[in-house]
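Each remark here refers to the structure printed beneath this line.
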Amino acid sequence: MAKEKLKVLMVEDNPTDALISKKRLQRDDAFEYDITHVVSGEDALLALQNNSFDITLLDYNLPKKSGLETLKEIKAKNIEMPIVMITGQGDEQVAVTLIKEGAFDYLPKRDGYEDSIPLMIRKTIAEFRAKLERENLQKEIALKKEELEKTNAKLMELDKMKSDFVANVVHELRTPLTIIKGNLDNIDKGFAGEVQPQQKEILGDIFRVINRLSRLINDLLDLSKIESGKMELNKESLDIVTLAGETVKTFETLAGSKKIGLIKEFPNKAVTVNADKDKLTQVFINLMGNAIKFTDKGNVVVRIIDLQKEAQVEIQDTGPGIPLDQVDKIFDKFVRVVAEKKEGTGLGLPIAKDIIVLHKGRIRVESESGKGSRFIFVIPK
Numbered sequence: 091m092a093k094e095k096l097k098v099l100m101v102e103d104n105p106t107d108a109l110i111s112k113k114r115l116q117r118d119d120a121f122e123y124d125i126t127h128v129v130s131g132e133d134a135l136l137a138l139q140n141n142s143f144d145i146t147l148l149d150y151n152l153p154k155k156s157g158l159e160t161l162k163e164i165k166a167k168n169i170e171m172p173i174v175m176i177t178g179q180g181d182e183q184v185a186v187t188l189i190k191e192g193a194f195d196y197l198p199k200r201d202g203y204e205d206s207i208p209l210m211i212r213k214t215i216a217e218f219r220a221k222l223e224r225e226n227l228q229k230e231i232a233l234k235k236e237e238l239e240k241t242n243a244k245l246m247e248l249d250k251m252k253s254d255f256v257a258n259v260v261h262e263l264r265t266p267l268t269i270i271k272g273n274l275d276n277i278d279k280g281f282a283g284e285v286q287p288q289q290k291e292i293l294g295d296i297f298r299v300i301n302r303l304s305r306l307i308n309d310l311l312d313l314s315k316i317e318s319g320k321m322e323l324n325k326e327s328l329d330i331v332t333l334a335g336e337t338v339k340t341f342e343t344l345a346g347s348k349k350i351g352l353i354k355e356f357p358n359k360a361v362t363v364n365a366d367k368d369k370l371t372q373v374f375i376n377l378m379g380n381a382i383k384f385t386d387k388g389n390v391v392v393r394i395i396d397l398q399k400e401a402q403v404e405i406q407d408t409g410p411g412i413p414l415d416q417v418d419k420i421f422d423k424f425v426r427v428v429a430e431k432k433e434g435t436g437l438g439l440p441i442a443k444d445i446i447v448l449h450k451g452r453i454r455v456e457s458e459s460g461k462g463s464r465f466i467f468v469i470p471k
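If you want it as structure tokens, here you go:
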């Protein structure tokens, strides 16, 4: 196997020392050495100007321009190459100065020092290459980080543009929809003349579509506020048991029409939390509405547990459940993970989660296909 060729600049004014060092390197098995020998700092600088080297062996004691001065001038030229100082000065302070000025390592010029040169070169080359690799890796990481930051900034800008666009569209839709709904209400109440049964049926269909569109608009507006950081919480001290009871009452008619039982498992005392009443009500409505929507028989249980520093709410249904491989997606925006076709925007659960997180709470779901679901959220007191 051919040995790797290594270009060495040897700066040594003592011809005997230079000859001994060359012969020792020629016997080394690690590399094939291509040695350029010069006798002064001036010659070394000239050689470096016209050639590239893998390593420089620089004698400390040189005529005219000293080894230290030569070292400083080489480093000033930013030449990417390790320099090993060969010094007859055994003083530790000299070694510290050399390393401080940019020498990669140093080798004391004692009797038989030339036998240490091959090992010193192998060690220096290995460490220098490892250093270069680390620096290149750090540069690459820094570059990737900069690219990611730019990409992230661009994505954030696009996300803001999207949120602003959605908010503008929602506001533009809201006004005409309110006018349409108001006029239809007047027609339904007979203000524009007697309404026939067939017309009543058509109006009912229109109202259902408008209400669905209103829910979508409200969900999109909430989502836009959350994503843009504009949703503010008006926190107050409130009894979550009372709030839950009021919400359950609003669903009694819907649950009764589906012959679904609504079960309350509440403590016999108030459980006070610090929360935004309207936003927390929205969470209850979204979770309970979801539970009733997907439950065709059985019960929906609303459970409140008074913990030491938190209130835990559980809404459990006997619906179709969620396949295990889709549970993690349940809070993703616009995701419909249940196979059964049901009306909905796919935003109710994500909005509920975002509201809980804004309250510094937590929410999760426990479910299994065919065995119902249990949504659990926790609100700090």
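Number 471 marks the last residue of the sequence shown (this note's numbering); no jumps.
Just so it is clear, CB atoms sit at the ideal spot from N, CA and C, and this is done for glycine as well.
Do residue i and residue j have their C-beta atoms within less than 8 Å of each other?
i: Ile173; j: Leu158; result: no
i: Ser457; j: Ile412; result: yes
i: Ala381; j: Ile420; result: no
i: Phe467; j: Val338; result: no
i: Tyr123; j: Leu115; result: yes
i: Ile350; j: Ile469; result: no
i: Leu293; j: Ile277; result: yes
i: Ala442; j: Leu377; result: yes
i: Ser130; j: Lys155; result: yes
i: Ile145; j: Ile215; result: yes
i: Ile300; j: Lys279; result: no
i: Ile176; j: Leu148; result: yes
i: Ile296; j: Leu274; result: yes
i: Lys354; j: Gly335; result: yes
i: Asp118; j: Pro208; result: yes
Please state the DSSP three-state secondary structure of residue i.
i: Leu323; result: coil
i: Gly335; result: helix
i: Ala429; result: In this prediction, Ala429 scores a pLDDT of 48, lower than 50, which makes its location untrustworthy; no coordinate-derived value is stated.
i: Leu293; result: helix
i: Ser318; result: coil
i: Ile231; result: helix
i: Glu247; result: helix
i: Asn151; result: coil
i: Glu456; result: strand
i: Ala108; result: helix
For residue i, collect the residues of the same chain with a Cβ closer than 6 Å to its Cβ; drop the 5 residues on either side in sequence, then sort them by chain order.
i: Ile110; result: Glu204
i: Ala429; result: Summary for Ala429: the model assigns pLDDT 48, below 50, so the residue's position carries little reliability; its value from the coordinates is reported in the next sentence. Hits under 6 Å: none found.
i: Ser253; result: Ser314, Glu317 and Ser318
i: Lys359; result: none
i: Arg212; result: Ala120
i: Asp312; result: Ile441
i: Gln139; result: none
i: Ala257; result: Ser314
i: Asn141; result: none
Could you round the C-beta distance between residue i and residue j to whole angstroms and report it? I think they count as a contact, below 8 Å.
i: Phe143; j: Val98; result: 7 Å
i: Leu352; j: Val390; result: 6 Å
i: Ser463; j: Leu414; result: That pair is no contact at about 12 Å.
i: Asp422; j: Pro410; result: Contact flag wrong, Cβ pair sits at about 19 Å.
i: Asp309; j: Leu227; result: That pair is no contact at about 46 Å.
i: Lys471; j: Val363; result: 5 Å
i: Ile231; j: Val260; result: Ile231 to Val260, Cβ: 42 Å. No contact.
Go through its chain and collect everything with a Cβ distance to residue i's Cβ below 8 Å, but skip five positions before and after it.
i: Leu333; result: Lys367, Leu370, Thr371 and Phe374
i: Asp133; result: Val101
Can you grab the Cα-Cα spacing for the pair residue i / residue j, in whole Å?
i: Glu317; j: Arg264; result: 20 Å
i: Val184; j: Leu96; result: 28 Å
i: Lys199; j: Ser206; result: 10 Å
i: Lys165; j: Glu191; result: 8 Å
i: Phe555; j: Glu239; result: Residue 555 is absent from the model: the chain starts at 91 and stops at 471.
i: Ala120; j: Leu245; result: 52 Å
i: Asp444; j: Lys399; result: 21 Å
i: Asp418; j: Glu170; result: 52 Å
i: Ala220; j: Glu94; result: 17 Å
i: Leu303; j: Ala401; result: 34 Å
i: Gln286; j: Lys250; result: 48 Å
i: Phe255; j: Gly451; result: 29 Å
i: Gly388; j: Asp407; result: 8 Å
i: Glu284; j: Ser347; result: 29 Å
i: Glu247; j: Thr241; result: 10 Å
i: Phe384; j: Phe465; result: 13 Å
So, for residue i: in the same chain, excluding its five sequence neighbours on each side, which residues have a beta-carbon less than 7 Å away from its beta-carbon?
i: Met210; result: Val174, Asp195 and Leu197
i: Ala282; result: Asn276
i: Pro105; result: none
i: Asp103; result: Val129, Ser130, Asp149, Leu152 and Pro153
i: Glu163; result: Leu135
Please determine whether the Cβ atom of residue i lies at a distance below 7 Å from any heavy atom of the ligand SAH.
i: Leu267; result: In the structure on display, the ligand SAH does not appear, and there are no ligands present to speak of.
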